[in-house]
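Numbering (the working numbering), first residue to last: 1223 to 1384.
Every residue, glycine too, gets a C-beta built ideally from N, C-alpha and C.
Here is the structure we will look at.
What follows is the structure, given as structure tokens:
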């Protein structure tokens, strides 16, 4: 019976010893692996503490950030990833300055057609021929008929009718 108790005690001691001897990956090793993963995005960095990766920096898209988080989670020994990174806003493209799409001869024809109607201005706004000013409803009809007769294409009628 003493042998059985001694064997049981030895078995318990060995099992505790094998559990405590399980190799734990150090934060230094995890930091090295995580840094290797994160180098693919120069705007990002990672720090590992107690098996948790803290991701920071800027990513071009949410998809790129999510992919990086998944790669960090796949490292054996990383318990969790704390996401402190941001996604950079899309950069707006600078509008290209263009010259007027309205032929000066066409603009002059329209000016000539409305020259006898007071209060009407002929301008090129945002590359389009635009009529502005304050006119009466009868004059507005005359302007529309005169300009339409010229067949100059698109014209914006932005005048105020009194």
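Next item on the list: Return the residue from the list 1325, 1310, 1333 that minimises the CA-CA distance to residue 1286.
Entry: The shortest Cα separation from residue 1286 among 1325, 1310, 1333 belongs to 1310.
Item checked: Residue from 1345, 1371, 1301 with nearest C-alpha to residue 1379 -> Comparing Cα-Cα distances from residue 1379 to each of 1345, 1371, 1301, the minimum goes to 1345.
Note to self: Using only the alpha-carbon positions, how far apart do residue 1365 and residue 1288 sit?
What the structure shows: Spanning the two alpha carbons is a distance of roughly 60 Å.
Item checked: beta strand (DSSP E) segment containing residue 1266, residue limits -> For residue 1266, the uninterrupted beta strand (DSSP E) segment begins and ends at 1266-1271.
Check: Is it buried or exposed for residue 1370, if we count other Cβ within 10 angstroms and need 16 for buried?
Finding: That one is exposed.
Item checked: C-alpha distance - residue 1356 paired with residue 1375, whole-angstrom precision -> Their backbone Cα atoms lie some 23 Å apart in a straight line.
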